[in-house]
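Number of protein chains: 2
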Amino acid sequence: MAEKQLRRSLAILPMSTVMALTDLSARQIRYYETQALVHPARNEGNRRRYSLNDVDRLLEVKDGLASGMDFATMRRLYAKTHQVESTQLESKRLSDERARHLLEAEMQQLAGMRPPQSGLQQHL
Amino acid sequence: MAEKQLRRSLAILPMSTVMALTDLSARQIRYYETQALVHPARNEGNRRRYSLNDVDRLLEVKDGLASGMDFATMRRLYAKTHQVESTQLESKRLSDERARHLLEAEMQQLAGMRPPQSGLQQHL
DNA sequence: TCTTTCGTGTCATAAGTTCTGACATGAAAG
DNA sequence: CTTTCATGTCAGAACTTATGACACGAAAGA
């Protein structure tokens, strides 16, 4: 259970990749973070590292904005469906070996287990 | 068909992430590239961007070395089983929308369709 | 045993990437 | 008319990655 959440939450993507994947500007992505809509991990050098969960969330936010939804609403909406958002790969609590294990498992199930909303499932 | 290969080949990971995922040093990863064992894409700034395929390949190389196999052998071995190794996300030939589409599809099937060797499937 | 070749470590220098904070602005809300 | 929003853009600092070079223990060859 806790595993299933960890799988999608390995922080592996840098800002540039997320920008390309979501077609959002760095400014937008960081702003959504100030609005508590995403919580990327940070590497040792303080650089943001996004998880698949984060990318998904950003796409949801993008959709929400497009359909006139406001941040407060989205914030409330997300608060109920998710808890663990991202896990630092460099974390002392998770060995590389274990991290790989989780990443693989996650990729196996990335699709088909999320509610019919927006996000990776619909966009990707 | 060509799609299935593209899915695993989106170049989305920076060196630091690959290092963490494979537990290899940057030096090793670059050296294996000079040995033609991996062919990461490059972003506009000439930074390497690895795909899931690349990470997988690196883990195979790591295994191969551990079991005494030499690069020439691995090179020959890989030459027969793979062609398209990675696709630049920023490529003019692939829109972001499409890239997401492929990434998702790939993640759905990442496991369960590769020969019983080493690599992500076994390690992760 | 002496000499290469291998696979890596480590340094230095240059250049690309990302971070934070600040100023600016058109659009929407009051 | 005045705020508030969501973004753009800039600047300076700090982090990351790139390439090339020198070094070296271990393995392979002569």
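From first to last, the protein sequence lines stand for chains Y and G. At position 101 of the first sequence (counting the first as 1) the number is 332 in my numbering, and the numbers step up by one without a gap. At position 104 of the second sequence (counting the first as 1) the number is 335 in my numbering, and the numbers step up by one without a gap. Heads up, the beta-carbon is just placed ideally off N, CA and C, and yes, glycines get one too. Just so you know, these numbers come straight off a predicted model, no measurement behind them.
For residue i, which residues in the same chain have their Cβ closer than 8 Å to its Cβ, ignoring the five residues on either side in sequence?
i: Arg307 of chain Y; result: none
i: Met305 of chain G; result: Leu268, Glu291, Val292 and Gly295
Find out if the Cβ-Cβ distance for the pair residue i, residue j is shorter than 7 Å.
i: Ala242 of chain G; j: Ser298 of chain G; result: no
i: Thr253 of chain G; j: Leu296 of chain G; result: no
i: Ala272 of chain G; j: Arg280 of chain G; result: yes
i: Asn284 of chain G; j: Ser240 of chain G; result: yes
What residue does the alpha helix (DSSP H) around residue i start on, and which one ends it?
i: Asp294 of chain G; result: Leu283 to Ala297
i: Glu264 of chain G; result: Ala257 to Thr265
i: Met250 of chain Y; result: Met246 to Thr253
Using C-beta distances below 7 Å, list every residue in its chain close to residue i, excluding the 5 sequence neighbours before and after it, in chain order.
i: Leu255 of chain G; result: Leu289 and Lys293
i: Ala257 of chain Y; result: Met246 and Met250
i: Tyr263 of chain G; result: Val269, Leu289 and Val292
i: Gln259 of chain G; result: none
Is the CB of residue i under 7 Å away from at least one CB in chain Y?
i: Ile260 of chain G; result: no
With a threshold of 7 Å between beta-carbons, can residue i be considered close to chain G, or not?
i: Lys323 of chain Y; result: For Lys323 of chain Y, the predicted model reports a pLDDT of 46, less than 50, meaning its position is unreliable; a value from the coordinates is still stated below. By this cut-off, Lys323 of chain Y is not an interface position.
i: Pro245 of chain Y; result: yes
i: Thr265 of chain Y; result: no
i: Val249 of chain Y; result: no
With a 10 Å radius around its C-beta and 16 neighbouring C-beta atoms as the bar for buried, classify residue i as buried or exposed.
i: Asp301 of chain Y; result: exposed
i: Thr248 of chain Y; result: buried
Nearer than 6 Å: is that true of the beta carbon of residue i relative to any heavy atom of the ligand COA?
i: Ile260 of chain G; result: The ligand COA is not among the ligands present in this structure, which contains no ligands whatsoever.
Within a Cβ cutoff of 6 Å, which residues of the same chain sit near residue i, ignoring the five residues on either side of it in sequence?
i: Leu244 of chain Y; result: Tyr281
i: Gln266 of chain Y; result: Phe302
i: Ala310 of chain G; result: none
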